[in-house]
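Remarks on the structure that follows.
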Amino acid sequence: GISLELKHLLQWCVDFESLKRINTLVIQYGLQQDVQLVHKLLTVCTATKKMKYASLIFDLTNHLINISGFP
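In terms of full-length UniProt numbering, the numbers along the sequence shown are unbroken and rise by one, the last being 71.
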């Protein structure tokens, strides 16, 4: 599925613009609760030294999990 494809793309993601495009797809497809996918996003953020963006992703994901009632 799309989640697996995005995880694969993240393995090859080396720049911030690609990371943002992938994150946009995560949001468009509603995959913010895919823990493995979000973990990979955060890992790429730290590798590209985009800590503020990592914080944004983390906060958004945490917010969406809280409002959805996801345990």
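Positions of the beta carbon are idealized from the N, C-alpha and C atoms, including for glycine.
Could you tell me the alpha carbon to alpha carbon distance between residue i and residue j, rounded to whole angstroms?
i: residue 24; j: residue 48; result: 17 Å
i: residue 30; j: residue 11; result: 20 Å
i: residue 17; j: residue 62; result: 23 Å
i: residue 72; j: residue 2; result: Outside the displayed span of the chain (1 to 71) sits residue 72, for which this structure offers no information.
i: residue 22; j: residue 58; result: 15 Å
Can you tell me whether residue i is helix, strand or coil according to DSSP?
i: residue 31; result: coil
i: residue 61; result: helix
For residue i, count neighbouring Cβ atoms within 10 angstroms of its own Cβ and tell me buried if that reaches 16, exposed if not.
i: residue 33; result: exposed
i: residue 77; result: The structure shown does not extend to residue 77, since the chain spans only 1 to 71, so no value can be given for it.
i: residue 6; result: buried
Is residue i near the ligand ADP, going by C-beta to nearest heavy atom under 7 Å?
i: residue 2; result: In terms of ligand content, the structure shown is empty, and the ligand ADP therefore cannot be addressed.
What are the boundary residues of the alpha helix (DSSP H) that includes residue i?
i: residue 7; result: 2-11
Kindly indicate which residue of the options has the alpha-carbon position closest to the one of residue i.
i: residue 40; options: 8, 2, 1; result: 8
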